[in-house]
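First the structure, in the form of structure tokens, and then the observations on it.
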Amino acid sequence: MKAAVIVFPGSNCDRDAAVALEAATGRPPAMVWHGDAELPKSDLIVLPGGFSYGDYLRSGAMAAHSPVMHEVIKRAKAGTPVLGICNGFQVLTEARLLPGVLMRNASLKFICKDVHLRVERADTSFTGRYRKGEVVKFAIAHKDGSYFADDETLAHLEGEGCVAFRYCDPQGNVSGEANPNGSRNNIAGIYNETCTVLGLMPHPERLADPALFGTDGAKMFTGLVESLAA
Amino acid sequence: MSKFLQKITPELIAEHGFSGDEYRLLTAVLGREPSITELGIFSVMWSEHCSYKSSKVWLRHLPAKGPQVIQGPGENAGVVDLGDGQAAVFKMESHNHPSYIEPYQGAATGVGGIMRDVFTMGARPIANMNALRFGAPDHPKTRHLVAGVVSGIGDYGNCMGVPTVGGETNFDARYNDNILVNAMTVGLVDAERIFKSAAKGVGLPVVYVGSKTGRDGIHGATMASAEFEEASAEKRPTVQVGDPFTEKLLLEACLELMQKDAIVAIQDMGAAGLTSSSVEMADKGGVGIDLDLDRVPTRETAMTAYEMMLSESQERMLMVLKPGAETSAERVFKKWELDFAVVGRTTDTGKLVVRHNGAVQADIPLSALAHAAPVYERPWTPRPKPMPIAPEDVPAPNSVLGVLETMMGSRHLSSRRWIWEQYDHMVMADTVQRPGGDAAVVRVHGSQKGLAISCDVTPRYCAADPYQGAKQAVAECWRNLTATGSDPLAITDCMNFGNPERPEIMGEFVAAVKGMAEACTALSFPVVSGNVSLYNETNGVAIPPTPAVGGIGLIPDVATMATIALTRDGDVLILIGPEGSHLGQSLYQELASGTYEGAPPHVDLDAERQTGDFVRGLIRTGRVSAAHDISDGGLLVTIAEMALAGGRGITFETAPEAPAHAVWFGEDQGRYVVAAAPDEATRILRDASKARVPARVVGKATGETLKLPGEAPLSLDVLRAAHERWLPIFMGGS
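The listed protein sequences correspond, in order, to chains A and B. Heads up: the first sequence runs through residues 1 to 230, numbered per this note's numbering. Heads up: the second sequence runs through residues 231 to 964, numbered per this note's numbering.
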């Protein structure tokens, strides 16, 4: 699997994503500078976490208009899988590849901790190594992670099976206490309608190494390798 | 004098912080009256903050050498060898005065400044830490200050993508009017590619990169060199404003340029901005420097030479390039969308010459700025040593576990989760020990090596006896690093004190330096960088002497490191070191008597080293499943922290014949608790006896409660709730 990681000014999880991708694919991904209009042929495009353009204006708003994003949008629409993590999710919503918006956390504070997520479906190229309903541990680190969409959009997401992950407790209960940031319906990640674009606030790449408190995140990358190679 | 327009009045001289003698010295070394720009330049270069004029004669006593030391004090940061061609660059710095006036920006720019010091040397920052002292929780400003400082530190480090992996926080009424914000950064560098600040060579281009210059922060260094008065809040405009996004770009651009063969010298523009950076680079290189301020990128109109030379606008660097390297360097900075301007040349004049609007605004011999600053041997008076307090003189508790629950939920010992969850402590995916343990551990990227990092000082000990307290700060840092299994390498320090013009404050400083020097020497733990922050006082009332220590240690293989978490049922807990006996200045004393009294615990440096070496040996050979040093609150608090971290209860042995509260809560130094399987524990006791290190079994891991003979059990859930409750409730209150 050939992966590309887009690097914006202010991206800071690009290296972490590259390390996790290399561990899964056996080769380093292409690191693509945002100013490049050209994007190498890729089986997977990753928009990493960080503070692209310092989160100025709105998180992800300026990166969504970077030169390289025209090509990313084109490829996404043509079916190339795109994974947006944290700031990458914010960029995907600003680029209109995913609906809704990430607002300031309900606590108004930055939150960095491990969270539990319920896998809402296991039949996409991102979730081949997970079971439906499985509880996994990822890490969050964000200030603007409260997912919001209007009632109609939310009903559509729920009805079409576009909710990818929900915040839950260790037993898998989706509750208010388990919601770290005030996201509607405890949404931690969503798909587009074809389930080829995934945006999620938690960081799978941070829990992808046995020395780092868990490896649940690594399964997303190994699952991608298996499904995209098939 | 026709080229120098503004008249220098006695009022102006006083406003710039000069005493009469200092101004006479200035005119003598300059050979004439200064221009207003020159007066400003002298005022910052001769300020306490930049010249260390009160502390210099004493700082020389600190040991700075060792086989592991690549760079000691005098550069932007210290450097120690990590083997394999790698080195760690680190330093701690204070941003106390600005953080009190404007907590968010003050703390944020403190973090930005210390990270610049580290990446200026060519290192990628890999971890941040901080040591914070706030006033009493019931002081009306405390909550506002905590919220602002934590948020400022978090926002800056989070945006930079450098994990903030831990620190320490105290609440004490003696910091009500002068909080302390000490920030530390550790970076990783190729030992062959360390960049320094000596601008050797004449006719070389002097290049300005980073943000544009504005009027913010003018006189920051001078502010940090004076006491606060009632009107200090009016100094808010002298606090700088940070932009972590620009600093992230500056970091990447500098590291990218450093891969090329372009840089002769580099210096960040921190305190005293363009003045300090140009003077230091030229002076260290033995050259002169000409600056053309018309070329300096500015973001405000009609800035004067005075303002530009004194601005402390953030996220700026000054570099001296190799001849002809301008074009390739400019390309890198343009890619990162940063300002780049050739603003001067190195010269053979030995002078700083500043031109602006077609006129010479300053023309000063560099030696006058860098070396002629007054150096004071200020008078000092030693503090009388407090008398030790017998345990019997401190009231005994009704319930030992009841006291534990209270202590673990107090402002002193409660969980700092509310703080560190606001810091991204995992980014870079190498944080193998997160906040909450003895020391944080970050992996050296791409290897199995780990760096343990810890910040320590116990202000109440220092207040009672600055000599013993400073010794203890160094020893505790060494102990925290040891408890992870690392070899302690070196420290950086932040010497926070009151007004050195008062002999009793100077006496505190002298005693602390002596204590620190003694401990560093005995533990082979040299001081490779640091900073001094004086005048931390308001209306004549000083903070407790606070010599904060930030240390790093090396773990050859992170798979062998220890954590504090007690995770295995049936493991035996062993106290390594003497039985608790000392309650003077302890947290228990404050709880039981309402005050801190008497002498702080004595630090026996020989025993410290022997015990620590023994514990490190146990960890390295995989004989223990957990390890934790004993510090604030004593033995029982240490064990409770281990129990909470691993979710295992403990059944305690009967305490020996001694005052029980001294055994459980005494803060005697040089001690650890380790956990091991029962058979292994027997062997450890035997080996300890051979090594002449005291050791005894204190209990066994089992169940989900703490059980002490003769007392009702305390469940971990109850203890955890008490431990986690205090800070969120305090910060959530109105």
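Built from N, CA and C at the ideal position, the CB exists for glycine as well.
DSSP lists B:S759, B:G780 as the beta-bridge partner residues of B:T722. Shown here, A:R104 sits in coil according to DSSP, grouped into three states, outside any helix or strand. Across the segment 635 to 664 of chain B, CB contacts with chain A closer than 7 angstroms involve E651, Q652, Y653, D654, H655, M656, V657, M658, A659, V662, in sequence order along the chain. Listed along the chain, the chain B residues whose CB falls inside 7 angstroms of the CB of A:L212 are A659, V662. According to DSSP, residue pairing for B:K937 in a beta bridge involves B:T881. If you look at B:C692, you'll find it in the alpha helix (DSSP H) that goes 689 to 694. When the Cα atoms are used, A:H70 and A:A37 turn out to be separated by approximately 8 angstroms.
For A:E205, the chain B residues whose C-beta falls within less than 8 angstroms of its own C-beta are A659, listed in chain order.
B:D314 and B:V419 have their C-alpha atoms roughly 11 angstroms apart. B:K930 sits in a strand when the DSSP states are folded into three classes. Around B:I266, the same chain offers Q236, Y536 as residues with beta carbons nearer than 6 angstroms, after the five sequence neighbours per side are excluded. Of all residues in the segment 372 to 391 of chain B, the ones placed with a Cβ closer than 8 angstroms to any Cβ belonging to chain A are S381, G384, D385, N388, C389, M390, G391, in chain order. Against chain A, the CB of B:W956 has no partner CB under 8 angstroms away; the residue lies outside that interface.
Look at B:V633 here: in three-state DSSP terms it is helix. With respect to the 8 angstroms criterion, B:A501 and B:G247 are not classified as neighbours on the basis of their beta carbons. Burial of B:S381 is indicated by the presence of at least 16 other C-beta atoms within 10 angstroms of its C-beta. Taking the Cβ atoms as the reference, B:L582 lies roughly 27 angstroms from B:A483, outside the contact range of under 8 angstroms. Across the set B:T372, B:Q301, B:G378, the C-alpha of B:G378 shows the shortest separation from the C-alpha of B:Q335.
Per DSSP, the unbroken beta strand (DSSP E) holding B:E323 starts and ends at 316 to 324.
Distance from B:I914 to B:A921 at the Cβ level is roughly 10 angstroms; contact not present, criterion being Cβ atoms closer than 8 angstroms. Inside the segment 454 to 531 of chain B, DSSP marks whole alpha helix (DSSP H) runs of 4 or more residues at positions 474 to 488, 503 to 515, from first to last along the chain. Between the segment 420 to 431 of chain B and the segment 489 to 497 of chain B there are three or more inter-stretch CB-CB distances shorter than 8 angstroms, so the stretches are counted as touching.
Between the alpha carbons of B:V319 and B:S684 lies a gap of roughly 15 angstroms. As a beta-bridge residue in DSSP terms, B:E398 pairs with B:A361. The criterion of a C-beta distance shorter than 8 angstroms is satisfied by B:V630 and B:A890. Here the C-alpha atom of B:G852 lies approximately 7 angstroms from the C-alpha atom of B:T790. A direct Cα-to-Cα measurement between B:I409 and B:R363 gives close to 6 angstroms. In the three-state scheme derived from DSSP, where H, G and I count as helix and E and B as strand, A:K41 is classed as coil. Close to B:P474, with beta-carbon spacing below 8 angstroms, are these residues of chain A in chain order: F51, G54.
Per the Cβ contact rule, the segment 694 to 708 of chain B is not in contact with the segment 253 to 273 of chain B (fewer than 3 Cβ pairs under 8 angstroms). The beta carbon of B:G343 is closer than 6 angstroms to those of G500 in its chain, skipping five residues each way along the sequence. Excluding residues up to 5 positions away in sequence, C389 lie with their Cβ nearer than 8 angstroms to the Cβ of B:F475 in the same chain.
According to the DSSP secondary-structure assignment, A:R118 is paired through a beta bridge with A:V135, A:R166.
Using a 10 angstroms sphere on the CB of B:L753, the tally of other CB atoms reaches 16 or more, which defines it as buried. Closer than 7 angstroms at the C-beta level to chain A, one finds these residues of the segment 787 to 800 of chain B: V788.
With a 10 Å radius around the Cβ and a threshold of 16 neighbouring Cβ atoms, B:N710 comes out buried.
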